Amino acid sequence: MKPPKNKYDFTAAVLAGGKNTRFYGETKANIIINGRPLIERTLDILQDVFSDVIIITNSREEFKKYDYIRMAGDIYHNIGPLGGLHSALTHTEKSAVFLVASDMPELSASTIRHVAKSYEEIKCEALIPVYKGHIEPLHAIYDKSLLSRVEGFIKSGTKYSMKEFLHLVNDKYVEIEEKDGVINPFLNINSPEDLQKWY
28 MKPPKNKYDF
38 TAAVLAGGKN
48 TRFYGETKAN
58 IIINGRPLIE
68 RTLDILQDVF
78 SDVIIITNSR
88 EEFKKYDYIR
98 MAGDIYHNIG
108 PLGGLHSALT
118 HTEKSAVFLV
128 ASDMPELSAS
138 TIRHVAKSYE
148 EIKCEALIPV
158 YKGHIEPLHA
168 IYDKSLLSRV
178 EGFIKSGTKY
188 SMKEFLHLVN
198 DKYVEIEEKD
208 GVINPFLNIN
218 SPEDLQKWY
């Protein structure tokens, strides 16, 4: 029997909101893949890796079966993932937040651990993984100290881009290697057409 792995003392925040317009209003986090809701598998992985987990949602009733997990809503509404980051940083007492989307069916504990370990080794305010040349800001770690800057960025205008916000911080990047036979760990489901690949 393998000894349990150490947990990283960060907050893992699952973004379970969004308008889901391409899914005709259905919440992507609750889509069933391989017999389980996406968010259920995500929570299991995150609880194995981190000491604290929170669901960021404005629809707590949809996730009442997971009431053993803390939940928090957006403070600034209808501004996308940046609002989720702001809420996560507001509702943690940990030094950093691992922010992750709830629609990643290939989420990998080993990849998450690699990102968390890299964050501990690299001095930065945000650590973003890169896969095949694309950054993944919704599978990344953000320092708690960024809260005031996130809030200031939100209040400063009407453009709420995560990538634009990253220009204002000391961000670093960690390359995630492509492995033979391994599906993209950052693959997300954006449309019913994407979902068909899993059936």
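So the number in this note's numbering is just where the residue sits in the sequence shown, counting from 1, plus 27.
The beta-carbon is built from N, C-alpha and C at its ideal position, and this holds for glycine as well.
The structure displayed is predicted, hence computed values, not measured ones.
Does the Cβ of residue i have 16 or more other Cβ atoms within 10 Å, making it buried, or fewer, making it exposed?
| i | result |
| --- | --- |
| H194 | exposed |
| E205 | exposed |
| E88 | exposed |
| T185 | exposed |
| H104 | exposed |
| S129 | buried |
| G44 | buried |
| S183 | exposed |
| G111 | buried |
| V142 | buried |
| T48 | Note that T48 has pLDDT 46, beneath the 50 cutoff, so the model's placement of it is unreliable and no number is given. |
Can you tell me which of the options puts its alpha carbon nearest to the alpha carbon of residue i?
| i | options | result |
| --- | --- | --- |
| S86 | T54, S114, I106, L73 | T54 |
| E147 | K199, H113, D130, S183 | K199 |
| V127 | I72, N61, N197 | I72 |
| K121 | M131, G160, D170 | D170 |
| T119 | I82, C151, L109, I139 | I82 |
Considering residue i, what are the terminal residues of the alpha helix (DSSP H) in which it resides?
| i | result |
| --- | --- |
| R140 | 136-148 |
| S122 | Counting along the chain, S122 falls outside any alpha helix (DSSP H), and DSSP gives it neither H nor E. |
| K182 | 174-183 |
| F192 | 189-193 |
Just to confirm the assignment, what range does the beta strand (DSSP E) spanning residue i have?
| i | result |
| --- | --- |
| M131 | Counting along the chain, M131 falls outside any beta strand (DSSP E), and DSSP gives it neither H nor E. |
| E202 | 198-202 |
| R87 | It is not in any beta strand (DSSP E) - R87 carries neither H nor E in the DSSP assignment. |
| D36 | 35-42 |
What distance in whole Å lies between the Cβ atoms of residue j and residue i, which are believed to be in contact at a cut-off of 8 Å?
| i | j | result |
| --- | --- | --- |
| I162 | I155 | 5 Å |
| T117 | L174 | 6 Å |
| A40 | V124 | 5 Å |
Taking 7 Å as the cut-off, is the C-beta of residue i nearer than that to any heavy atom in the ligand GTP?
| i | result |
| --- | --- |
| C151 | The ligand GTP is absent from the structure shown, which contains no ligands of any kind. |
Report yes or no: is there a C-beta of chain B within less than 8 Å of the C-beta of residue i?
| i | result |
| --- | --- |
| D130 | Of the protein chains in the structure, only one exists, and it is not chain B. |
Does the region 136-152 come close enough to the region 91-99 that 3 or more CB-CB pairs lie under 8 Å?
no
Tell me, please, whether the region 34-45 touches the region 74-86 by the rule of three or more beta-carbon pairs shorter than 8 Å.
Yes: at least three Cβ pairs fall under 8 Å.
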